[in-house]
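Engineer:
There are 2 protein chains.
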Amino acid sequence: MYKLLKKEGNARRGEYSTPHGTVQTPVFMNVGTQAAIKGGLSAEDLGRVGCQVELSNTYHLHVRPGDTLIRDMGGLHAFMRWDGPILTDSGGFQIFSLASLRKIKEEGVYFNSHVDGRHIFMGPEESMRIQANLGSGIALAFDACVGIPAERSYVKDSCDRTARWLERCRAALHEYTAREDAVNPGQVLWGINQGAVFHDLRIEHMKKIRDLDLPGYAIGGLAVGESTWEMYDTIEALEPYMPVDRPRYLMGVGTPCNILECVRRGVDFFDCVMPARNGRHGHLYTWEGVINIKNEKYARDEGPIDPLCQCPVCRRYSRSYLRHLFKCEEILALRFSVMHNLFFYNSLMEKIRNALDAGEYEEFCRAYAEKLDRRI
Amino acid sequence: MYKLLKKEGNARRGEYSTPHGTVQTPVFMNVGTQAAIKGGLSAEDLGRVGCQVELSNTYHLHVRPGDTLIRDMGGLHAFMRWDGPILTDSGGFQIFSLASLRKIKEEGVYFNSHVDGRHIFMGPEESMRIQANLGSGIALAFDACVGIPAERSYVKDSCDRTARWLERCRAALHEYTAREDAVNPGQVLWGINQGAVFHDLRIEHMKKIRDLDLPGYAIGGLAVGESTWEMYDTIEALEPYMPVDRPRYLMGVGTPCNILECVRRGVDFFDCVMPARNGRHGHLYTWEGVINIKNEKYARDEGPIDPLCQCPVCRRYSRSYLRHLFKCEEILALRFSVMHNLFFYNSLMEKIRNALDAGEYEEFCRAYAEKLDRRI
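Going line by line, the protein sequences match chains C and D.
First residue of the first sequence? That's 33 in our numbering, and the numbers climb one at a time after it.
First residue of the second sequence? That's 33 in our numbering, and the numbers climb one at a time after it.
(1) Among 188(D), 73(D), 157(D), 293(D), which one has its Cα closest to the Cα of residue 206(D)?
(2) Would you say residue 131(C) reaches chain D, if we count a Cβ-Cβ gap shorter than 8 Å as a contact?
(3) Whose C-beta lies closer than 6 Å to the C-beta of residue 179(C) among residues of the same chain, with five residues either side of it excluded?
(4) Check the Cβ-Cβ distances between residue 330(D) and every residue of chain C, and say whether any is below 8 Å.
(5) Pull up the DSSP beta-bridge partners for residue 183(D), would you.
(6) Give the single residue among 59(C), 48(C), 37(C), 240(C) whose Cα lies nearest to the Cα of residue 304(C).
(7) Three Cβ pairs or more, each shorter than 8 Å: is that satisfied between the segment 352-369 of chain D and the segment 47-54 of chain D?
(8) Check residue 167(D) in the structure and name its three-state DSSP category.
(9) So is residue 73(D) in contact with chain C if we call contact Cβ pairs under 8 Å?
(10) Out of curiosity, what's the CA-to-CA distance linking residue 117(D) and residue 221(D)?
(11) Can you name the start and end residues of the beta strand (DSSP E) that residue 263(D) belongs to?
(12) Please report whether the beta-carbon of residue 111(C) lies at a distance below 8 Å from any beta-carbon of chain D.
(13) When the Cα atoms are used, what is the spatial distance from residue 174(C) to residue 272(C)?
(14) Given a cut-off of 8 Å on the beta-carbon distance, is the pair residue 40(D) and residue 388(D) in contact?
(15) Using the Cα positions of residue 407(C) and residue 346(C), report the straight-line distance between them to the nearest angstrom.
(16) Short check: CB of residue 133(C) to CB of residue 85(C), under 8 Å?
(17) Against chain D, which members of the segment 339-356 of chain C pass a CB distance test of less than 9 Å?
(18) Going by CA-CA distance only, name the one from 378(D), 236(D), 209(D), 148(D) that's closest to residue 103(D).
(19) Going by beta-carbon coordinates alone, are residue 201(D) and residue 159(D) separated by less than 8 Å?
(20) Is there at least one Cβ from chain C nearer than 8 Å to residue 269(D)'s Cβ?
(21) Taking the Cβ atom as the reference point for each residue, do residue 101(C) and residue 331(D) lie within a distance shorter than 8 Å?
(22) Give me the chain D residues within the contact set of residue 67(C), using Cβ-Cβ distance strictly less than 9 Å, ordered along the chain.
(23) Going by DSSP, what residue range makes up the beta strand (DSSP E) through residue 121(D)?
(24) Considering only the beta carbon of each residue, do residue 21(D) and residue 377(D) sit closer than 8 Å?
(25) Closer than 7 Å by C-beta to residue 108(C): which residues in its own chain qualify, once you throw out the five before and the five after it? Chain order, please.
(26) State the start and end residues of the unbroken alpha helix (DSSP H) segment that holds residue 342(C).
(27) Using CA atoms only, rank isn't needed, just tell me which of 404(C), 405(C), 384(C) is closest to residue 43(C).
(28) Using a Cβ-Cβ cutoff of less than 7 Å, which residues in the same chain neighbour residue 335(D) once the five nearest sequence positions on both sides are dropped?
(29) Rounded to whole angstroms, what is the Cα-Cα separation between residue 114(C) and residue 370(D)?
(30) Of the residues 36(D), 37(D), 70(D), 45(D), which one's Cα is nearest the Cα of residue 358(C)?
(31) What does residue 366(D) reach in chain C if we use C-beta pairs closer than 8 Å?
(32) Might you give, ordered along the chain, the residues of its own chain that have their beta carbon closer than 8 Å to the beta carbon of residue 187(D), omitting 5 neighbours on each side?
(33) Once the 5 residues before and after residue 128(D) are set aside, which same chain residues still bring their CB inside 7 Å of it?
(34) Mapping the DSSP letters down to three states, classify residue 45(D) as helix, strand or coil.
(35) Return the residue from the list 288(C), 302(C), 193(C) that minimises the CA-CA distance to residue 15(C).
(36) If the cut-off is 7 Å on Cβ atoms, which residues from the segment 82-106 of chain D count as contacting chain C, listed in chain order?
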């Protein structure tokens, strides 16, 4: 389902087809954890900001409103009224980062909900059942996440467990999608590579899960404490062992500069809460760097956030107005900022694809890599 | 500028022309106190919910971001990018309801800002200067507000003061709009009638301010503590003394039923924070009554908020999804609810106008007056 269209160094221009449409890669997925984009954006708005793939979360939707409810409402596409591709994260990372009293066993993880403390058990089969109920186009494997730094022996054990769980995930999802009442019979499973920053563990694990010949592979367990350069080095070491004809998804990354550097290292899919979260704090991306719209200097600035931006906010509203909305705590401030930042990220990906198409990706990186992350 | 098109009993179908467009009356004005609609609605969204007149507030905008800033940005229309009619309240009511350490003198009111406590003085001239800076199409007179119940003598004094202030308002606004650099040279002043629920004071005051022959008259100081029937009775007593060829604006009112009853009593303009505020609490208007979308019974309800509603939310999203958004505290819940409720209010006014056009207003009232306010 992945088609490599062109390469420049290790950077890949491709497309990935799903039952809900074809995705042009490299792509940034727009995060709607709880089946909604933070900042008051609707499914219609996702279209307006140029979103190709929406990403929701297994753990959050299992807790609220419950995946069986979403199944009964026709699945996530019908529930949130987004008819483009959806990827669901498996819940593994959220159990690791949000849940309390976590006990990891071979069968899965026992933990307490971060919302109401109720006891929940989730293993590979449960994660697949939930994702089958949600009916996303792309389900992610349930993995054993580790933070960084971590002991090598603990990372090795987690990798082995993740590999064993992956086989169970594959079997379970196969069973669920084959059912007559499957929400999305075309749903597929992507594996997740783990191994922290131990290159040999990463490679060993990748070789193991590659043999399952899944339609896509994610790189998990990065951007969780290591330095940016450790992250880049790990991807560089791993890349030659990832199948060429499958998309690669770097989970939870990152800044515009991170994305540029990781596209150079062969990554196709990205997601991150950063553009929405930064937006809600008034930190807005421009092609010259990141501005803080709350600054006094924008009080009487009649220009748009970015004169080069074609987003619905920049086409109509001024920095002055947006700053005012932040200062008097109007929700519209959040909506405008998230809208702009997501549009910016989606535009960045489009420019990356155009540069790859034109064989000018290295020039593009040189022009922007140092600029986009800096505060101006 | 007001044209009475048709009457049914005391109910009036009319239109009112402003430099930014003609308003079909009876009309509900959509409240954007701080130059933004609570709940994350933009000026574009105002168009989508069928808003005819936007209402902003002198006091709030003077405090933040400052009316001179808005003037320098080209006025309120340019600042918030709404090109339809705007009415600005004078600040009199907000000083009365929000500000602390209030001292009312003949020259005006000394008080402390509710935001940062800073000392502010506002009298008729200041209110007019601020509204001239904002450049609204309709400016409201700066009045001395009183709560209910209040001593008759205190109400009488306030009425007299409001009448004296009105003359100062007229002179001041005349001066400001005549200036070469006026933001909106076509800006007009509406007077405000006061008198609490003392019918004779209301009438006496109305006679006095009527003589100034202003292009519109508001009824202030109601819905501030009296019973609904006292409010209706007061309007009924006052109505014969309001000029027929001028629009009447009942400030801060009210529920759908209040609006139906007050249209019957000759009111043309309304405004209220209620639809937006109720929306943010999950109380949504339907043609059968008010629902609380947070109720468990809507958890799996695939229908829209109201099957008869054509708003952008009802056309696309389910009660089930909206309830989920509230339960997990997504901002999108607020946006959707406010959008629906404002659309509902604007539709209600449209139906009222249609009923008046068809000479069927009494039937319309009988069909809806008891239904729309009840909780179902």
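Where is the CB? At the ideal position from N, CA and C, for every residue including glycine.
Structural biologist: Inspection of the coordinates gives the following:
(1) The residue you call residue 206(D) lines up with position 174 of the second sequence. Cα-wise, what sits closest to residue 206(D) is 157(D).
(2) Within the first sequence, residue 131(C) is the residue found at index 99, counting from 1. Not an interface residue.
(3) On the first sequence, position 147 is the one that residue 179(C) refers to. Around residue 179(C): 256, 257.
(4) As a first step, residue 330(D) is located in the second sequence; it is residue number 298 there, counting from the start. With 8 Å as the cut-off, residue 330(D) does not count as an interface residue toward chain C.
(5) For this step, residue 183(D) is matched to residue 151 along the second sequence. BP columns for residue 183(D) are empty, so no partner.
(6) Counting from 1 along the first sequence, the entry for residue 304(C) is found at position 272. Among 59(C), 48(C), 37(C), 240(C), the Cα nearest to that of residue 304(C) belongs to 59(C).
(7) no
(8) For this step, residue 167(D) is matched to residue 135 along the second sequence. DSSP places residue 167(D) in coil when its eight states are reduced to three.
(9) Position 41 of the second sequence, counting from 1, holds the residue named residue 73(D). Yes, residue 73(D) counts as interfacial toward chain C.
(10) Indexing the second sequence from 1 puts residue 117(D) at position 85. Indexing the second sequence from 1 puts residue 221(D) at position 189. Rounded to the nearest angstrom, the two C-alpha atoms are 14 Å apart.
(11) Residue mapping note: residue 263(D) aligns to position 231 of the second sequence, counting from 1. Where residue 263(D) is concerned, there is no enclosing beta strand (DSSP E), although the alpha helix (DSSP H) it sits in stretches over 260-270.
(12) Translated into positions along the first sequence, residue 111(C) becomes position 79. At least one chain D Cβ lies under 8 Å of residue 111(C).
(13) As a position in the first sequence, residue 174(C) is number 142, starting the count at 1. As a position in the first sequence, residue 272(C) is number 240, starting the count at 1. The straight-line gap from Cα to Cα measures roughly 24 Å.
(14) Working through the second sequence from its first residue, we reach residue 40(D) at position 8. Working through the second sequence from its first residue, we reach residue 388(D) at position 356. Yes, they are a contact pair.
(15) As a first step, residue 407(C) must be located in the first sequence, where it is residue number 375. As a first step, residue 346(C) must be located in the first sequence, where it is residue number 314. Rounded to the nearest angstrom, the two C-alpha atoms are 19 Å apart.
(16) Walking along the first sequence from the start, residue 133(C) turns up at place 101. Walking along the first sequence from the start, residue 85(C) turns up at place 53. No, the Cβ-Cβ distance between residue 133(C) and residue 85(C) is not below 8 Å.
(17) 344, 345, 348, 349, 350, 352, 353, 355, 356
(18) The residue labelled residue 103(D) in the question sits at position 71 within the second sequence. Closest by alpha carbon: 209(D).
(19) If you number the second sequence from 1, residue 201(D) lands on position 169. If you number the second sequence from 1, residue 159(D) lands on position 127. For residue 201(D) and residue 159(D), yes; Cβs fall inside 8 Å.
(20) On the second sequence, position 237 is the one that residue 269(D) refers to. Residue 269(D) does not count as touching chain C.
(21) Taking the first residue of the first sequence as 1, we reach residue 101(C) at position 69. Taking the first residue of the second sequence as 1, we reach residue 331(D) at position 299. It is a contact, given that the beta carbons lie within the stated cut-off.
(22) Sequence index remark: in the first sequence, residue 67(C) carries index 35 (1-based). In chain order: 353, 356, 357, 360, 362.
(23) By 1-based counting over the second sequence, the position of residue 121(D) is 89. Residues 118-121.
(24) Residue 21(D) is absent from the model: chain D starts at 33 and stops at 408.
(25) Mapped onto the first sequence, residue 108(C) falls at position 76. Closer than 7 Å at the Cβ level, and outside the excluded window around residue 108(C), lie 67, 88, 102, 118, 166, 167, 168.
(26) Locating residue 342(C) in the first sequence gives position 310, where the first residue counts as 1. Element bounds for residue 342(C): n/a, residue is neither H nor E.
(27) Working through the first sequence from its first residue, we reach residue 43(C) at position 11. That would be 384(C), whose Cα lies nearest to the Cα of residue 43(C).
(28) Counting from one through the second sequence, the residue named residue 335(D) turns up at place 303. For residue 335(D), where only same-chain residues beyond five positions count, the Cβ hits under 7 Å are 350, 351.
(29) In the first sequence, residue 114(C) corresponds to position 82, counting from 1. In the second sequence, residue 370(D) corresponds to position 338, counting from 1. Residue 114(C) and residue 370(D): Cα-Cα distance of roughly 21 Å.
(30) Numbered from its first residue, the first sequence carries residue 358(C) at position 326. Among 36(D), 37(D), 70(D), 45(D), the Cα nearest to that of residue 358(C) is on 70(D).
(31) Residue 366(D) sits at position 334 when you count from the first residue of the second sequence. Those within 8 Å of residue 366(D) in chain C are 72, 363.
(32) Numbered from 1 along the second sequence, position 155 holds the residue referred to as residue 187(D). Once the five neighbours on either side are set aside, the close Cβ partners of residue 187(D) are 178, 226, 227, 228, 230, 233.
(33) Here residue 128(D) corresponds to residue number 96 of the second sequence, with the count starting at 1. Closer than 7 Å at Cβ, skipping near neighbours: 177.
(34) The count along the second sequence starts at 1 and reaches residue 45(D) at position 13. Residue 45(D): strand per DSSP, three-state reduction.
(35) No answer is possible for residue 15(C): it lies beyond the span of chain C, which begins at 33 and ends at 408.
(36) 96, 97, 101, 104, 105
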